[in-house]
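Numbering (the working numbering), first residue to last: 3 to 621.
Every residue, glycine too, gets a C-beta built ideally from N, C-alpha and C.
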């Protein structure tokens with residue numbers, strides 16, 4: 003080819019403008035997704051209440067700089083018939099083209115990322131004194147204003163608060179929190195919203211029609227999702243897809259270009275996980291990886307579809323989103339009817355934790371497979387109520403001595419969820435006890451607790467409290483045990499005295515009006531005097547509280563420790579508990595709940611965690 007031919011080719015190539023520039027909005031009616039801001043500006047211009055400075059904020063690509071230029075054009079709008087600020091820019095004005103192309107002498111654009119110092123702001127301050135050359139207003143557009151230094155912000159304050167009448171300021175930033183409040187308070191702020199996926203799909207379809215590009219609806223949905231609310235990013239991806247497909251944009255081409263997995267195959271993978279088919283799930287995952295899908299992206303797509311299924315379960319109209327394909331819509335509705343919220347929530351949490359693991363791993367495909375194994379394994383395990391029902395239906399052993407019945411909703415168990423249950427049993431000290439079982443896991447997702455009621459194994463066992471409480475019909479409080487004193491302290495909301503009695507006092511002799519005790523080594527020195535004063539106040543009679551040389555009995559805290567150890571021993575030996583532990587490998591007994599007296603309602607229990615159980619205990 004001749005040199006002249008090469009030159010013409012280069013000129014033709016240089017004349018091309020990317021879609022993001024070619025279809026940049028030139029007036030407010032072409033802005034998409036920013037209706038609240040347009041309405042506010044329209045009313046302000048109509049009423050003549052035009053601000054002196056505006057602050058435009060939002061994520062990249064939503065149109066901050068474009069909006070600033072349109073606003074500058076509206077401020078300086080002038081035609082043969084109109085000579086005032088106007089938001090109706092349907093007819094090009096005298097200054098419109100120069101402003102939109104960024105070459106008007108009275109509209110000064112400055113990038114704060116490269117002009118951060120006080121000297122740059124000082125230059126603006128000196129220039130604002132002079133009137134505009136040809137336009138109505140001299141407009142300063144400062145992009146990424148949060149990059150200005152502290153001195154630059156301080157230098158701008160006075161001018162920004164009292165600018166000359168012929169000067170307007172328009173600021174744009176993606177980091178609004180980094181802008182000093184003193185600057186924000188002097189500006190009218192507009193938060194430009196992310197553009198919804200359905201608006202982006204419609205915008206891309208309109209541009210495809212103008213460019214005579216044949217494009218699939220699924221491809222537009224993929225591009226809109228990848229754009230993440232940014233019109234510029236979506237148009238850049240669309241431009242790349244047109245070049246990739248040589249003028250024809252297909253879903254397969256976009257998927258290959260972006261390294262995405264087929265949405266239908268993502269749904270297939272999700273269904274295999276929910277069915278607990280680990281082998282099929284890993285095969286499908288590896289197959290998607292072999293054709294170019296990014297491991298972390300596949301997990302992100304799984305999380306998005308899991309979220310879609312959950313939304314459709316509660317809001318069926320969520321499936322009407324334009325960025326969702328017909329197959330996604332149909333299969334999400336079917337899965338929403340089959341899967342419980344508990345399973346969907348557990349899967350979401352496991353994916354949310356697994357995605358950063360895959361992204362930070364030097365072997366992302368292996369890390370992704372481990373995440374899928376955890377999800378599929380937890381989905382395959384039975385729920386707690388199903389497991390306990392199976393135990394009930396199984397033949398009971400001769401030495402079981404207990405009958406179990408389930409109450410409450412089941413909780414899913416497995417690597418991604420903790421199996422927590424409660425069972426009532428009889429400790430050797432007497433009364434009913436409540437035991438909690440926990441199956442540990444790395445994800446720490448705690449499902450609801452379950453109650454399993456069982457009758458005491460020893461019908462002749464005696465209550466823990468050896469002395470009877472005062473009959474309700476007897477007037478006035480009667481003190482017969484330390485427990486009665488503790489009850490009085492609790493009744494009078496004296497928590498400190500209650501704690502000291504439980505921990506430090508050993509009973510020797512208790513008679514009406516007289517209390518002989520011994521104290522532990524850590525007892526406060528004033529405990530006896532304080533206790534005598536409290537008893538006189540609580541009972542209305544004089545009490546003699548003396549320190550005995552006898553050793554005395556165990557403190558209430560020591561008695562509870564003994565009861566706790568006995569209860570845990572009985573819990574480990576109970577056949578029903580042993581069956582549950584065998585059904586859920588790795589489960590532990592972490593506490594036993596024992597009522598203070600046999601008459602106490604079973605629900606009014608205190609939790610006694612087992613300090614002897616550590617992470618290495620198989621029980």
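Beta carbon of residue 218, beta carbon of residue 268: below 8 Å?
Locating residue 218 in the chain shown gives position 216, where the first residue counts as 1. Locating residue 268 in the chain shown gives position 266, where the first residue counts as 1. Contact flag unset, no.
> For the putative contact between residue 504 and residue 558, defined by C-beta atoms under 8 Å, what is the C-beta separation to the nearest angstrom?
Replying inline: Counting from 1 along the chain shown, the entry for residue 504 is found at position 502. Counting from 1 along the chain shown, the entry for residue 558 is found at position 556. The Cβ separation is near 4 Å, so the contact holds.
Taking DSSP as the reference, what is the three-state secondary structure of residue 471? Taking the first residue of the chain shown as position 1, residue 471 is located at position 469. Note that residue 471 scores a pLDDT of 40, beneath 50, so its modelled location is shaky and nothing firm can be said.
Practice prompt. Compare the beta carbon distance of residue 162 and residue 171 with 8 Å and say whether it is the shorter of the two.
Written response: Here the question's residue 162 lines up with position 160 in the chain shown. Here the question's residue 171 lines up with position 169 in the chain shown. In contact: residue 162 and residue 171 (Cβ atoms closer than 8 Å).
(Q) Taking 7 Å as the cut-off, is the C-beta of residue 321 nearer than that to any heavy atom in the ligand ZN? (A) Summarising the ligand content, the structure contains no ligands, and the ligand ZN is consequently not present.
- Query: Counting only runs that start and end within the region 492-572, where is the beta strand (DSSP E) found for 3 or more residues in a row?
  - Reply: 507-513, 516-521 and 546-549
Among 19, 370 and 338, the one whose alpha carbon lies nearest that of residue 285: The residue labelled residue 285 in the question sits at position 283 within the chain shown. Selected option, being the one with the closest Cα: 370.
- What do you get for residue 454, buried or exposed, if any count of 16 or more other CB atoms within 10 angstroms of its CB means buried? Here residue 454 corresponds to residue number 452 of the chain shown, with the count starting at 1. With a pLDDT of only 37 at residue 454, under 50, the local geometry of the prediction cannot be trusted, and the value read off the model is given with reservation. Classification of residue 454: buried, given that the 10 Å Cβ count is 16 or more.
Does the pairing of the region 295-312 with the region 355-373 give three or more beta-carbon distances under 8 Å? yes
Contact under 8 Å by Cβ, residue 520 with residue 552: For the purposes of this step, residue 520 is taken as residue 518 along the chain shown, with counting starting at 1. For the purposes of this step, residue 552 is taken as residue 550 along the chain shown, with counting starting at 1. It is a contact, given that the beta carbons lie within the stated cut-off.
Next on the checklist: What does the Cβ neighbour count give for residue 88, buried or exposed, with the cut at 16 atoms within 10 Å?
Outcome noted: What you label residue 88 is simply residue 86 of the chain shown in a count that begins at 1. So residue 88 counts as buried.
Exercise. If you draw a straight line from the alpha carbon of residue 216 to that of residue 257, how long is it in whole angstroms?
Worked result: The residue labelled residue 216 in the question sits at position 214 within the chain shown. The residue labelled residue 257 in the question sits at position 255 within the chain shown. The alpha-carbon atoms of residue 216 and residue 257 are separated by roughly 16 Å.
Q.
Taking 8 Å as the threshold (C-beta atoms), are residue 39 and residue 173 in contact?
A. Start at 1 with the first residue of the chain shown, and residue 173 comes out as number 171. Start at 1 with the first residue of the chain shown, and residue 39 comes out as number 37. It is not a contact, given that the beta carbons lie outside the stated cut-off.
- Message: Our contact map puts residue 109 next to residue 147 with C-beta atoms below 8 Å; I'd like the distance itself, whole angstroms only.
- Response: For the purposes of this step, residue 109 is identified with residue 107 of the chain shown, where counting begins at 1. For the purposes of this step, residue 147 is identified with residue 145 of the chain shown, where counting begins at 1. The pair is not a contact, with the Cβ atoms about 16 Å apart (cut-off 8 Å).
Check your understanding: Across which residues does DSSP place residue 112 in a beta bridge pair?
Key -> Position 110 of the chain shown, counted from the start, is the residue given in the question as residue 112. DSSP lists 144 as partners of residue 112.
Alpha carbon to alpha carbon, how far is residue 315 from residue 339? Give it in angstroms, no decimals. Taking the first residue of the chain shown as position 1, residue 339 is located at position 337. Taking the first residue of the chain shown as position 1, residue 315 is located at position 313. Their Cα atoms are separated by approximately 7 Å.
Open item on the list: I believe residue 260 touches residue 233 by the beta-carbon criterion, under 8 Å. Please report the beta-carbon distance rounded to the nearest angstrom.
Closed with: Stepping through the chain shown from its first residue, residue 260 is reached at position 258. Stepping through the chain shown from its first residue, residue 233 is reached at position 231. Not confirmed; about 18 Å, so no contact.
query: Which residue or residues does DSSP assign as beta-bridge partners of residue 57?
result: Your numbering for residue 57 matches position 55 in the chain shown. According to DSSP, which records beta bridges pairwise, residue 57 is partnered with 173 and 191.
request  = Below 6 Å CB to CB, which residues in the same chain sit around residue 210 once its five sequence neighbours on both sides are set aside?
outcome  = Residue numbering aside, residue 210 sits at position 208 when the chain shown is read from its first letter. Correct list, in chain order: 217.
Do you know offhand how far residue 274's Cα is from residue 103's?
Here residue 274 refers to the residue found at position 272 of the chain shown. Here residue 103 refers to the residue found at position 101 of the chain shown. Their backbone Cα atoms lie some 54 Å apart in a straight line.
Same chain, Cβ closer than 6 Å to residue 27, neighbours up to 5 away in sequence not counted:
Here residue 27 refers to the residue found at position 25 of the chain shown. Counting only Cβ-Cβ distances below 6 Å, and skipping sequence neighbours, we find 33 and 68.
Just grab the DSSP bridge partners of residue 121 for me. For the purposes of this step, residue 121 is taken as residue 119 along the chain shown, with counting starting at 1. Paired residues: none, contrary to the question.
Are the Cβ atoms of residue 186 and residue 236 separated by less than 8 Å? Taking the first residue of the chain shown as position 1, residue 186 is located at position 184. Taking the first residue of the chain shown as position 1, residue 236 is located at position 234. It is not a contact, given that the beta carbons lie outside the stated cut-off.
Review point. Since residue 149 is in the alpha helix (DSSP H), which residue starts that stretch and which ends it?
Key: The residue labelled residue 149 in the question sits at position 147 within the chain shown. From DSSP, residue 149 is part of no alpha helix (DSSP H); its letter is neither H nor E.
Exposure of residue 497, with buried meaning 16 or more beta-carbon neighbours within 10 Å = The residue you call residue 497 lines up with position 495 of the chain shown. Per the 10 Å Cβ criterion, exposed.
Margin query: I'd like to know if the region 350-365 and the region 274-283 are in contact, where contact means that at least 3 CB-CB pairs between them fall below 8 Å.
Written below: no
*Closest Cα partner of residue 549 within the set 527, 72, 101 and 330*: Your numbering for residue 549 matches position 547 in the chain shown. Of the candidates 527, 72, 101 and 330, the one whose C-alpha sits nearest the C-alpha of residue 549 is 527.
Notebook entry, point to check: When burial is assigned at 16 or more other CB atoms within 10 Å of the CB, is residue 115 buried or exposed?
Noted result: Position 113 of the chain shown, counted from the first residue, corresponds to residue 115. Exposed, because fewer than 16 other Cβ atoms sit within 10 Å of the Cβ of residue 115.
Check your understanding: In three-state DSSP terms, what is residue 594?
Key -> For the purposes of this step, residue 594 is taken as residue 592 along the chain shown, with counting starting at 1. Residue 594 falls in the strand class under three-state DSSP.
Whole angstroms is fine: what's the gap from residue 21's alpha carbon to residue 192's?
The residue given as residue 21 occupies position 19 in the chain shown. The residue given as residue 192 occupies position 190 in the chain shown. Their backbone Cα atoms lie some 26 Å apart in a straight line.
### Message
Helix, strand or coil for residue 250? Go by DSSP, reduced to three states.
### Response
Numbered from its first residue, the chain shown carries residue 250 at position 248. In the structure shown, residue 250 sits in a strand (DSSP, three-state: E or B).
For residue 217, the three-state DSSP class (helix, strand or coil)
Indexing the chain shown from 1 puts residue 217 at position 215. Three-state DSSP puts residue 217 in a strand.
| task | Mark residue 318 as exposed unless 16 or more other C-beta atoms lie within 10 angstroms of its C-beta, in which case mark it buried. | result | In the chain shown, counting from the first residue as 1, residue 318 sits at position 316. Flag for residue 318 reads exposed.
Report task. Could you tell me the boundaries of the alpha helix (DSSP H) in which residue 281 lies? Result -> Within the chain shown, numbered from 1, the residue matching residue 281 stands at position 279. Run containing residue 281: 280-292, per the alpha helix (DSSP H) assignment.
Across the region 149-157 and the region 115-125, are there enough close Cβ pairs to call them in contact, namely three or more that are closer than 8 Å? yes
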